[in-house]
Amino acid sequence: MVGMISGLKFHPGYLDLAAQQKLLAELRAAVITAPFLTPVMPRTGRPFTVRMTNLGTLGWVSDRGGYRYQPTHPETGKPWPPIPEMVLEIWRKLGGYPHDPEACLVNFYRQGAKMGLHRDADEEDFAAPVVSISLGDTAIFRIGGEERGGKTETLKLSSGDVLVMGGAARLCYHGIDRVLSGTSSLLKEGGRINLTLRRVRKP
Ligand code: MD3
Ligand code: FE
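Position in the sequence shown (from 1) plus 1453 gives the number in our numbering.
This is the structure:
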């Protein structure tokens, strides 16, 4: 049971349909300025199946040179668009942390996209939680412990769900096994979008 992981707080159906549509409209506007990229693995250059962009003062990027946070889009050279107010409100209400996030990574899963087990450890500030917002098709999310190779459990993340990973959960291994096509009609062409809000630097 995922409810046993300390620091994980699940808010199923936190955003109603109108709020999901409003958020999607904000994202459609943002990706005109900051188009989705296909990140590649450091050293090998193997492409991710998930496409990514960012909002906020810092964005997470992965290329042959490594993983890092940077203030501009690697292809356009422009600053990332701002994090929408409605997204900041979710962080302020559920995050339990007294400073706003600097980064909002936007992950786009098309048919067949997944994300292998990993830890989010490129930030300086692990005292702050990661807040995740799901839109579109339902995903099978997997979470383990702080060591690779331990027990894992799964949780379905559906459109409008919010997940807060704080405390011990902040450094747990996690990933997306698969996205279930046809489970949501929010995105006309199907697929899933996940937003993760993060503090990067210490305040
Ligand atoms: C558990 N994204 O962007 S969100 C990621 O659905 C990422 O796109 C997944 O993992 C996605 O790094 C999962 C839920 C999530 C986000 C951050 C976490 C779970 C987490 C950080 C620590 C532990
Ligand atoms: Fe992650």
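Yeah, the Cβ is synthetic: ideal placement off N, Cα and C, and Gly gets one too. Please read these numbers as outputs of a predicted model, since none were measured by experiment.
Neighbourhood of residue i by C-beta distance below 6 Å, restricted to the same chain and skipping five residues each side
{"i": "Leu1608", "result": "Val1455 and Phe1594"}
{"i": "Thr1491", "result": "Pro1500 and Arg1504"}
{"i": "Phe1561", "result": "Phe1489, Arg1504 and Ile1646"}
{"i": "Asp1614", "result": "Pro1465 and Ser1587"}
{"i": "Leu1468", "result": "Gly1613"}
{"i": "Leu1640", "result": "Gly1589"}
{"i": "Val1653", "result": "Leu1511, Tyr1522, Glu1555, Ala1556 and Glu1576"}
{"i": "Leu1650", "result": "Trp1544, Pro1554, Cys1557 and Val1584"}
{"i": "Leu1610", "result": "Ser1587, Ala1592 and Phe1594"}
Span of the alpha helix (DSSP H), counted from its first residue to its last, around residue i
{"i": "Trp1533", "result": "Where Trp1533 is concerned, there is no enclosing alpha helix (DSSP H), given that its DSSP letter is neither H nor E."}
Unbroken beta strand (DSSP E) run spanning residue i, endpoints
{"i": "Lys1475", "result": "Element bounds for Lys1475: not the beta strand (DSSP E) but the alpha helix (DSSP H), Leu1470 to Thr1486."}
{"i": "Met1505", "result": "Arg1504 to Gly1509"}
{"i": "Tyr1520", "result": "Gly1519 to Gln1523"}
{"i": "Ile1629", "result": "His1627 to Val1632"}
{"i": "Met1568", "result": "Met1568 to His1571"}
{"i": "Gly1635", "result": "Neither: Gly1635 is in no beta strand (DSSP E) and is coded neither H nor E."}
{"i": "Gly1512", "result": "Gly1512 to Asp1516"}
{"i": "Phe1463", "result": "Leu1461 to His1464"}
{"i": "Lys1609", "result": "Glu1606 to Leu1610"}
Where residue i falls: helix, strand or coil (DSSP)
{"i": "Met1494", "result": "coil"}
{"i": "Val1653", "result": "coil"}
{"i": "Ala1556", "result": "strand"}
{"i": "Lys1546", "result": "helix"}
{"i": "Ala1580", "result": "coil"}
{"i": "Leu1588", "result": "strand"}
{"i": "Gly1620", "result": "helix"}
{"i": "Leu1541", "result": "helix"}
Cβ distance (whole Å) where residue i is taken to contact residue j below 8 Å
{"i": "Ser1571", "j": "Tyr1626", "result": "What sits at residue 1571 in the sequence shown is His, not Ser. About 7 Å; that satisfies the 8 Å criterion."}
{"i": "Ile1656", "j": "His1552", "result": "Checking the sequence shown, residue 1656 turns out to be Pro, not Ile. With a Cβ gap of about 4 Å, Pro1656 and His1552 count as contacting."}
{"i": "Leu1624", "j": "Phe1579", "result": "6 Å"}
{"i": "Ala1581", "j": "Tyr1550", "result": "5 Å"}
Residues near residue i by beta carbon distance below 8 Å, same chain, minus five either side
{"i": "Val1493", "result": "Arg1499, Pro1500, Phe1501, Ser1515, Asp1516 and Arg1517"}
{"i": "Lys1567", "result": "Thr1502, Val1503, Gly1628, Ile1629, Asp1630, Arg1631 and Val1632"}
Nonlocal neighbours in the same chain, by C-beta distance under 7 Å from residue i, ignoring five residues either side
{"i": "Ile1435", "result": "Only positions 1454 to 1656 of the chain appear in the structure, and residue 1435 is not among them; the question remains open."}
{"i": "Leu1477", "result": "Leu1588 and Leu1639"}
Contact test: residue i Cβ vs the ligand SAH heavy atom, cutoff 7 Å
{"i": "Ser1585", "result": "The ligand SAH is not among the ligands present in this structure, which contains only the ligand MD3 and the ligand FE."}
Requested in this report: With a cut-off of 6 Å, give the chain-ordered residues whose Cβ is closer than this to any heavy atom of the ligand FE.
Outcome: His1571, Asp1573 and His1627
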